[in-house]
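In the working numbering, the protein residues as written are 90 to 515. By construction, the Cβ of each residue, glycine as well, lies at the ideal position given by its N, Cα and C atoms.
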Amino acid sequence: MLSRGQNEISRESLVQILEVMHRLAAPEAMPELLKEIIEVGKVAIVAEAGVLWLMERTSQELVQVIPSTDPPPRIRMGEAWAGRCAQTLEISNLHDCRADAVYQSRPVEVPGVTTRSLLNIPIMGQEQNVLGVMQWLGEEVGQFDQHDEWIGPALAAQAAIAIQHSYMTDELLANAVLHKEVAVAREIQMSTLPRSMPRVAGYDLHGHFLPTDHTGGDLFDLVMLDDKLFMLLGDATGHGFGPALSATQMQAMLRVAFRLGADLDRAYMHVNNQLNEDLPDDRFITAFMGFLDPQTHMVEFHSGGQGPILHYQAATGNCEWFKPTNFPVGIMELEGDDRAQQLILEPGDILGLISDGVYEYATLDGQEFGEERVARVIDRGQHLPMAQLCQQLVDAAIEFGGEAPQADDITLVLVRRLPEESGSPE
């Protein structure tokens, strides 16, 4: 045990440490502060050199940051004296490195210093987790004593403050950047949605979008093009700025293609192939795209990875489910024209484009809302205005989920052919 005389820090050492503590409150970069702490330590401990290792959080290896070299030396936990110090969180004081086998297997090398003594001090965080290791090098045998073993942890504590402050600052900046990215992505996402629903004689239709806290790549579109209703529902993989941009890119390309006179089949092929070139390998978009002819009541559509598509048949009260007609948009090239699938909407029928945010809305124990519950809600509310039925479907999914948070964007489009005797929503 250290005596009172042994554990007292000299006045000069205390002044130097206090100066470093004052610097810790200033907005200074971590590398500069760590260098300052090492320089103070060399004087306070009376060492020829100081080496500082930081624990790399991804690899859990120690990386030498002072002195800086390119590339920096790396040590695994338990390897050499720095690795042992990080593993045991214990101070070790080697009085003669020449007689130590562990040191000789991996010596600590600093240009211009012949190391005889080595003092290893762990740098620990608030939760007693290892942040790094300080090593003090002396050229004399037995150079470090109990006084140095006492002052070393004080310096390590200052280093820990600098390291943790830097990590917290980095995390705050990363969160701020992410928050800004999400806000921009949400702006892009919301700007693509129709400001109002198009009016289509003999039909009632509505689109609904309920975002999560984080931004995904969901979108829908409803617009009249050459006397036909263009319908789009898409979901780009991932969250943040990239997926939102991918989805809007697809929407813009489709609109341009149709304005230039392309039919659905060729537009689908060319947009798919262009996105296959443009998107990263791990990005794709599930998308339903189709046209409704209000005169013939025929729906022609492609569904690249988006499904199931719901066709509620009012005459029987049954739902027909259409699987995706092809792989997700942009995932691989199409070599020829794929022919669109067709269906006819009879009086009272409903076409439902519903994202997986509804089908896969899950309880805390993982049970999903699923197709059957969707079908029951549609059947019960078939006579309602589609805006009201959309809301009932969303409410039912959320109520089913209970305390489970919404995990994905909810996007849906419902298109109902009105009964022959009715010219407006009931």
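* Per DSSP, aspartate 293 forms a beta bridge with which residues? -> For the purposes of this step, residue 293 is identified with residue 204 of the sequence shown, where counting begins at 1. According to DSSP, aspartate 293 bridges with Arg505.
* Check whether the Cβ of arginine 344 sits closer than 7 Å to any heavy atom of the ligand MN, and report yes or no. => The ligand MN is not among the ligands present in this structure, which contains no ligands whatsoever.
* Considering only residues of the same chain and omitting the five flanking positions on each side of isoleucine 433, which have a CB-CB separation below 7 Å? -> As a working note, residue 433 is residue 344 in the sequence shown. Correct list, in chain order: His386, Met387.
* To do: Please go through the same chain and pick out, in chain order, the residues whose beta-carbon is closer than 7 Å to the beta-carbon of methionine 421, but skip the five residues on each side of it.
  => Taking the sequence shown and counting its residues from 1, the one referred to as residue 421 is at position 332. Same-chain partners within the cutoff: Asn365.
* Determine the DSSP secondary structure at isoleucine 126, reduced to helix, strand or coil. => Numbered from 1 along the sequence shown, position 37 holds the residue referred to as residue 126. When DSSP states are grouped into helix, strand and coil, isoleucine 126 belongs to the helix group.
* **Minimum C-alpha distance to arginine 275 - residue among Ala248, Gly306, Gly296** => The count along the sequence shown starts at 1 and reaches residue 275 at position 186. Arginine 275 has its Cα closest to that of Gly306, out of Ala248, Gly306, Gly296.
* Asked: Going by other Cβ atoms of all chains shown within 10 Å of its Cβ, with 16 needed for buried, is alanine 333 buried or exposed?
  -> Locating residue 333 in the sequence shown gives position 244, counting from the first residue. Buried: at least 16 other Cβ atoms inside 10 Å.
* To do: Determine the DSSP secondary structure at threonine 500, reduced to helix, strand or coil.
  => As a working note, residue 500 is residue 411 in the sequence shown. Secondary structure of threonine 500 (DSSP, three-state): strand.
* Count the other C-beta atoms from every protein chain shown that fall within 10 angstroms of the C-beta of valine 279, then say buried if there are 16 or more, exposed otherwise. => Residue 279 sits at position 190 when you count from the first residue of the sequence shown. Before going on, a small fix: residue 279 reads as methionine here, not valine. Per the 10 Å Cβ criterion, exposed.
* Validate contact between the segment 342–356 and the segment 406–425 using beta carbons, cut 8 Å, 3 pairs -> Contact fails: fewer than three Cβ-Cβ distances are below 8 Å.
* Asked: Do methionine 358 and aspartate 315 have their C-beta atoms closer together than 8 Å?
  -> Here the question's residue 358 lines up with position 269 in the sequence shown. Here the question's residue 315 lines up with position 226 in the sequence shown. Between methionine 358 and aspartate 315, the CB-CB gap reaches or exceeds 8 Å.
* To do: Have a look at Asp498, Leu503, Arg505 and flag the residue whose alpha-carbon is nearest the alpha-carbon of leucine 308.
  => The residue you call residue 308 lines up with position 219 of the sequence shown. For the residues Asp498, Leu503, Arg505, the minimum Cα distance to leucine 308 belongs to Asp498.
* Asked: According to DSSP, which residues form a beta bridge with leucine 453?
  -> Here the question's residue 453 lines up with position 364 in the sequence shown. The beta-bridge partner set that DSSP reports for leucine 453 is empty.
* Near histidine 391, which residues of its chain fall below 6 Å by C-beta distance, leaving aside the five closest residues on each side in sequence? -> Locating residue 391 in the sequence shown gives position 302, where the first residue counts as 1. Once the five neighbours on either side are set aside, the close Cβ partners of histidine 391 are Tyr357, Met378, Thr414, Ala429.
* **Cβ neighbours of valine 152 in the same chain (closer than 7 Å, five flanking residues each side left out)** => Here residue 152 is taken as the residue at index 63 of the sequence shown, counted from 1. Within the same chain, Trp142, Leu143, Glu145, Pro161, Arg163 come within 7 Å of valine 152 by CB-CB distance, once the 5 residues on both sides are set aside.
* Given proline 283, which residues of its chain have a CB within under 6 Å of its CB, disregarding the five upstream and five downstream residues? -> Taking the first residue of the sequence shown as 1, we reach residue 283 at position 194. The answer, listed in chain order, is Leu311.
* Asked: So what's glycine 441 in DSSP terms, helix, strand or just coil?
  -> As a working mapping, residue 441 is identified with position 352 in the sequence shown. Three-state result, glycine 441: strand.
* To do: Report buried or exposed for lysine 412, applying the criterion of at least 16 other Cβ atoms within 10 angstroms of its Cβ.
  => Position 323 of the sequence shown, counted from the first residue, corresponds to residue 412. A residue is called buried when at least 16 other Cβ atoms come within 10 angstroms of its Cβ; lysine 412 does not meet this threshold and is exposed.
* Asked: Residues in its own chain within less than 6 Å of glycine 79 by CB, not counting five upstream and five downstream?
  -> What the structure shows of the chain is the stretch from 90 to 515, and residue 79 is not part of that stretch, so it cannot be assessed.
* DSSP state of glutamate 238 mapped onto helix, strand, coil -> Taking the first residue of the sequence shown as 1, we reach residue 238 at position 149. Residue state, collapsed to three classes: helix.
* Asked: In chain order, what residues of the same chain have a beta carbon less than 7 Å from the beta carbon of glutamate 509, not counting five sequence neighbours either side?
  -> Along the sequence shown, read from residue 1 onward, the residue named residue 509 stands at position 420. The residues are Pro436.
* Asked: Are the segment 181–198 and the segment 121–135 touching, with three or more C-beta to C-beta distances below 8 Å?
  -> These segments do not touch.
* Within 10 angstroms of the Cβ of serine 444, are there 16 or more other Cβ atoms? Answer buried if so, exposed if not. => Working through the sequence shown from its first residue, we reach residue 444 at position 355. Taking every protein chain shown into account, the CB of serine 444 has 16 or more other CB atoms within 10 angstroms, so this residue is buried.
* Just to confirm, are valine 202 and glutamate 137 a CB contact at a threshold of 8 Å? -> Against the sequence shown, residue 202 aligns to sequence position 113. Against the sequence shown, residue 137 aligns to sequence position 48. Less than 8 Å divides the Cβ of valine 202 from the Cβ of glutamate 137.
* To do: Would you mind giving the Cβ-Cβ distance between alanine 325 and alanine 336, rounded to the nearest angstrom? I have them listed as a contact below 8 Å.
  => Within the sequence shown, residue 325 is the residue found at index 236, counting from 1. Within the sequence shown, residue 336 is the residue found at index 247, counting from 1. The beta-carbon distance between alanine 325 and alanine 336, rounded to whole angstroms, is 4 Å. This is short enough to meet the 8 Å contact definition.
* Select from Gln431, Leu478, Leu507, Leu178 the residue whose C-alpha is nearest the C-alpha of aspartate 438. => The residue given as residue 438 occupies position 349 in the sequence shown. In this structure, Leu507 is the residue among Gln431, Leu478, Leu507, Leu178 with its C-alpha nearest to the C-alpha of aspartate 438.
* Report buried or exposed for proline 211, applying the criterion of at least 16 other Cβ atoms within 10 angstroms of its Cβ. => As a first step, residue 211 must be located in the sequence shown, where it is residue number 122. Flag for proline 211 reads buried.
* leucine 503 versus glycine 221 - alpha carbon distance -> To locate residue 503, count along the sequence shown from 1; it is residue 414. To locate residue 221, count along the sequence shown from 1; it is residue 132. Those two C-alpha atoms are separated by around 58 Å.
* Asked: With a Cβ-Cβ cutoff of 8 Å, do valine 230 and arginine 205 count as a contact?
  -> Locating residue 230 in the sequence shown gives position 141, counting from the first residue. Locating residue 205 in the sequence shown gives position 116, counting from the first residue. Cβ distance < 8 Å, so valine 230 and arginine 205 count as in contact.
* Could you please give the first and the last residue of the uninterrupted beta strand (DSSP E) stretch that includes phenylalanine 489? => Position 400 of the sequence shown, counted from the first residue, corresponds to residue 489. In the DSSP assignment, phenylalanine 489 falls outside any beta strand (DSSP E) and within the unbroken alpha helix (DSSP H) covering 475–490.
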